[in-house]
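S.K.: If you scroll down you'll find the structure; I have some questions about it.
Residue numbers (this note's numbering): -1 to 82.
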């Protein structure tokens, strides 16, 4: 079962690994750890960690605009393709 939780800073290196996986790199431009670190510190961005069991298999980045009462879906990436 998939589960979403607010991300922790220690998850960011795993997100870089997910983005730069060989089978993913043809679909997405990987961001360096420093980019994820600065975005994670941005109070208008929310990172969510996607778990399959206890394994981190992906992440979501949302941009929150409180004044506009809106949420922008910035990025979602999953490492696993088989959900058995």
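No residue lacks a Cβ here, since even glycine has one placed at the ideal position from N, Cα and C.
Between the alpha carbons of residue 21 and residue 70, how many angstroms are there, rounded?
M.R.: Their backbone Cα atoms lie some 26 angstroms apart in a straight line.
S.K.: Report yes if the CB atom of residue 48 is closer than 7 angstroms to the CB atom of residue 10, and no otherwise.
M.R.: No. Outside cutoff.
S.K.: Taking residue 76 as the reference, which of -1, 6, 17 has the closest Cα?
M.R.: Cα-wise, what sits closest to residue 76 is 17.
S.K.: Give the secondary structure of residue 11 by DSSP, where H, G and I count as helix, E and B as strand, and everything else as coil.
M.R.: Residue state, collapsed to three classes: helix.
S.K.: Run the CB neighbour count on residue 5, radius 10 Å, all protein chains shown included, and call it buried at 16 or more, exposed below.
M.R.: Residue 5 is buried by the Cβ-count criterion.
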